[in-house]
Amino acid sequence: MTTDSATGGLAAIVGRRAIVLFSTGRELYSVLVRTLYYVWRGRAEPGATARQMYEIGNRSLFFLTVVMGFIGMILVLQAGLQTQRVLPDLSMLGASYLELLVRDLAASIVALMLATRVGAGIAAEIGSMVVTEQIDALRMCAADPIDYLVKPRFLASIVMTTVLTIWSGGVSILTGMLTAEVVFSVPPRTFWNLSLVHASDLATGLTKCFAYGAAIPVVSAFCGLSTFGGSEGVGSATTRAVVNSSLSVIILNFLISSTAYLLFQ
Amino acid sequence: MAPPPASTASAPFASLAAARESLYGVAETVGKMGLIAHQIGVRFARLDFDGEELKRNMYKMGVKSLPIVVVTALFTGAIMVVQAAPIVQRYGAQQLLGWGAGFGTLREIGPLLTALMISGRVGANNTAELGTMTVTEQVDALRALAIDPIAFLVVPRFIAMVATLFLSTLYADALALFGAAYAGQFLLGVEAATFYNGLTSGLLGIGDVANGLVKSVIFGGAMGLSSCHFGLAVTGGAPGVGRAVNATVVTSAACIFVVDYFVSFLLE
Chain A
32 MTTDSATGGL AAIVGRRAIV LFSTGRELYS VLVRTLYYVW RGRAEPGATA
82 RQMYEIGNRS LFFLTVVMGF IGMILVLQAG LQTQRVLPDL SMLGASYLEL
132 LVRDLAASIV ALMLATRVGA GIAAEIGSMV VTEQIDALRM CAADPIDYLV
182 KPRFLASIVM TTVLTIWSGG VSILTGMLTA EVVFSVPPRT FWNLSLVHAS
232 DLATGLTKCF AYGAAIPVVS AFCGLSTFGG SEGVGSATTR AVVNSSLSVI
282 ILNFLISSTA YLLFQ
Chain B
7 MAPPPASTAS APFASLAAAR ESLYGVAETV GKMGLIAHQI GVRFARLDFD
57 GEELKRNMYK MGVKSLPIVV VTALFTGAIM VVQAAPIVQR YGAQQLLGWG
107 AGFGTLREIG PLLTALMISG RVGANNTAEL GTMTVTEQVD ALRALAIDPI
157 AFLVVPRFIA MVATLFLSTL YADALALFGA AYAGQFLLGV EAATFYNGLT
207 SGLLGIGDVA NGLVKSVIFG GAMGLSSCHF GLAVTGGAPG VGRAVNATVV
257 TSAACIFVVD YFVSFLLE
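Chains as they are written, first to last, in this note's numbering: chain A, 32 to 296; chain B, 7 to 274.
Pasting the structure below:
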């Protein structure tokens with residue numbers, strides 16, 4: 032800690048933190064509002080959005096397939112072990128697994144992975160542009176960086192988060208099915224039991240995809256745009272982007288899950 | 007992972023060539039991480055590392071990560087309860103809420119989410135720091151002064167990272183259960199005491215806690231190796247540092263999940 036915080040006492044530290052937190056929140060909100068404004072009003076740029084969709088979607092495909100494949104195996108393994116302790120019957124393993132995957136885990140784990148991959152990528156790219164004064168050059172040309180850089184990433188991320196969630200959900204269902212068959216000898220026909228998956232679960236899952244897909248680029252772009260200092264600044268902006276977008280995913284997950292529970296119970 | 011390979015082949019073979027290149031990239035990364043692991047192991051066995059640097063990194067990585075560990079853990083616990091809620095409602099099994107949330111938290115979600123958050127904060131930060139040093143030739147300067155950069159920079163960071171993750175997981179487990187107990191009280195109306203009873207009624211043992219902690223040490227090792235490797239391998243100025251940080255978080259996350267499966271399988 033610096034010397035002024037030692038002289039200022041606890042109240043000063045808390046106050047300073049609170050002011051920083053408040054002003055950060057306000058700036059983040061302003062990035063979000065401007066992004067939404069330009070989605071509504073800005074120039075249509077299908078080319079840039081398609082490029083970002085490739086960057087966010089196709090380039091994450093391999094990574095997400097590997098991660099979600101392993102997630103499927105881990106979850107079924109742990110759930111099976113857990114169930115075996117209290118019940119001898121594993122016939123509902125698949126049904127509960129599918130319910131949990133659709134309602135929460137597919138969207139949330141994909142979003143956490145995208146927060147690290149896509150969030151770090153967006154912050155590093157925009158951060159390097161800030162450091163090399165390309166953002167100032169854009170402003171000089173009367174092009175708002177939010178319209179020019181953030182909006183395509185925002186649209187691409189919303190679409191691609193949903194698409195990737197559906198794909199990787201499929202992958203983890205397959206690997207989970209395989210694990211159930213091999214480790215617990217639950218046949219795939221018993222495993223594929225959709226009786227617990229309701230429309231409300233699907234709606235919750237898709238709402239999560241949408242919310243995470245919107246939150247990740249906005250938070251990371253905000254971190255990228257507030258970069259200062261050379262290559263060190265880019266590194267710390269990237270770190271902040273990963274941490275803050277992961278935190279926003281976790282907090283959004285809690286908010287959406289509890290709202291859905293209270294609405295649909 | 008490796009930077010995108012330049013596509014040289016014609017259209018039908020381009021994706022095949024890209025797949026081959028990315029496979030080579032993965033193999034190269036794993037090999038280099040293995041080499042760094044060997045170098046770290048040799049110096050660690052000889053106790054040949056910088057103590058001051060270790061203390062500094064323990065503070066910077068461990069103490070400074072506390073806020074995000076606290077927030078993550080509290081929300082994680084609450085999410086576990088919300089996810090277990092329908093099952094509890096369906097079967098009226100309020101006594102089992104503590105056991106269900108506790109099992110998932112201690113064995114999987116606690117270590118996993120703490121590792122992901124720490125990898126985002128500490129692993130990425132470490133790569134950025136080592137990368138900046140590499141780009142500004144400070145690592146070469148150390149070599150020129152006959153100071154071994156592995157012993158001076160990498161080993162203390164590696165030890166600090168493993169220790170940070172272990173201690174944070176211990177802390178996060180406790181906080182997540184605390185968050186789960188009170189989320190259960192507010193959302194489901196299950197008394198916190200009922201939750202704690204379910205937690206301690208004998209279905210969960212020290213084995214479940216130990217399982218998660220063993221995982222956290224292994225995750226810490228994987229994270230430390232990938233972040234030190236990518237930090238030292240940076241080329242190409244500020245954008246290079248950004249790319250290296252990106253590669254670190256992706257590789258750490260992939261390693262964490264792959265390792266998690268094998269550890270869960272072996273430790274069952």
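Virtual Cβ for every residue (Gly too), placed ideally from N, Cα, C.
Own chain, CB closer than 6 angstroms to residue i, minus 5 neighbours either side, in chain order
{"i": "B:L72", "result": "none"}
{"i": "A:C240", "result": "A138, T192, T193 and T196"}
{"i": "A:F222", "result": "G125, M208 and A211"}
{"i": "A:A291", "result": "T235"}
{"i": "A:G158", "result": "G255, T258, V265 and A268"}
{"i": "A:F215", "result": "G111 and L121"}
{"i": "B:N63", "result": "P162, R163 and A166"}
{"i": "B:V215", "result": "L112"}
{"i": "A:A81", "result": "none"}
Proximity to residue i [Cα-Cα], best of the options
{"i": "A:A234", "options": "A:R134, A:I197 and A:T193", "result": "A:R134"}
{"i": "B:L122", "options": "B:A134, B:M167 and B:A244", "result": "B:M167"}
{"i": "A:V202", "options": "A:S251, A:F53, A:F94 and A:I153", "result": "A:F94"}
{"i": "A:E130", "options": "A:V141, A:F259, A:R170 and A:N224", "result": "A:N224"}
{"i": "A:M160", "options": "A:G264, A:A146, A:L63 and A:Q83", "result": "A:G264"}
{"i": "B:G40", "options": "B:Q144, B:G185 and B:L231", "result": "B:L231"}
{"i": "A:L283", "options": "A:R57, A:I44, A:A187 and A:V250", "result": "A:V250"}
{"i": "A:Y69", "options": "A:A242, A:R184, A:V213 and A:L286", "result": "A:R184"}
{"i": "B:F164", "options": "B:R249, B:H44, B:A199 and B:V32", "result": "B:H44"}
{"i": "B:N131", "options": "B:F81, B:L181, B:A250 and B:T200", "result": "B:A250"}
{"i": "B:G110", "options": "A:L106, A:I166, A:L145 and A:L205", "result": "A:L106"}
{"i": "B:E135", "options": "B:I262, B:A239 and B:E34", "result": "B:A239"}
{"i": "B:V223", "options": "B:M86, B:A150, B:L193 and B:I124", "result": "B:I124"}
{"i": "A:Y128", "options": "A:L180, A:V217, A:E58 and A:L286", "result": "A:V217"}
{"i": "B:V75", "options": "B:D154, B:L171 and B:I42", "result": "B:L171"}
{"i": "B:K70", "options": "B:V145, B:A90, B:R127 and B:E143", "result": "B:R127"}
Cβ-based burial, residue i [other Cβ within 10 Å; buried from 16]
{"i": "A:I281", "result": "buried"}
{"i": "A:R220", "result": "exposed"}
{"i": "A:T258", "result": "buried"}
{"i": "A:D232", "result": "buried"}
{"i": "B:R52", "result": "exposed"}
{"i": "A:Q109", "result": "buried"}
{"i": "B:G213", "result": "exposed"}
{"i": "B:V48", "result": "exposed"}
{"i": "B:G108", "result": "buried"}
{"i": "B:T241", "result": "exposed"}
Contacts of residue i in chain B (Cβ-Cβ under 9 angstroms)
{"i": "A:R148", "result": "N252, V255, V256 and A259"}
Contacts that residue i makes with chain B (C-beta to C-beta distance below 7 angstroms)
{"i": "A:N284", "result": "I85"}
{"i": "A:Q109", "result": "R113, E114 and S270"}
Under 8 angstroms from the C-beta of residue i: neighbouring residues of chain B
{"i": "A:F101", "result": "F263, V264, D266 and Y267"}
{"i": "A:M144", "result": "A259"}
{"i": "A:L278", "result": "I74, V77, T78 and M123"}
{"i": "A:D167", "result": "None at all; the shortest Cβ gap to chain B is about 16 angstroms."}
Sequence-distant residues of the same chain with beta carbon closer than 7 angstroms to residue i, five excluded per side
{"i": "B:G204", "result": "Q101, L102, L103, G104 and W105"}
{"i": "B:T254", "result": "G129, A130, T133, S232, S233 and F236"}
Contacts around residue i, its chain only, beta-carbon distance under 8 angstroms, and the 5 residues preceding and following it disregarded
{"i": "B:A198", "result": "A187, Y188, G190 and Q191"}
{"i": "B:G116", "result": "A79, T82, T175, A178, D179, A182 and G218"}
{"i": "B:K38", "result": "H235 and A239"}
{"i": "A:S91", "result": "M144, L145, R148, V149, M191 and L195"}
Proximity test, residue i beta-carbon vs the ligand MN heavy atom, cut-off 7 angstroms
{"i": "A:S276", "result": "Annotation note on the ligand MN: not contained in the displayed structure, which lists no ligands."}
CB-CB length for residue i against residue j, believed under 8 angstroms
{"i": "A:I247", "j": "A:G152", "result": "10 angstroms between Cβ atoms; not a contact."}
{"i": "B:V141", "j": "B:G246", "result": "6 angstroms"}
{"i": "B:S233", "j": "B:T133", "result": "5 angstroms"}
{"i": "B:T35", "j": "B:T257", "result": "6 angstroms"}
{"i": "A:S288", "j": "B:I156", "result": "About 45 angstroms separates the two Cβ atoms, so there is no contact after all."}
Contact list for residue i against chain A, beta-carbon separation under 7 angstroms
{"i": "B:P245", "result": "S159"}
Chain-ordered chain A contacts of residue i [CB-CB under 8 angstroms]
{"i": "B:A216", "result": "Neighbours of B:A216 on chain A: none; closest Cβ ~15 angstroms, over 8 angstroms."}
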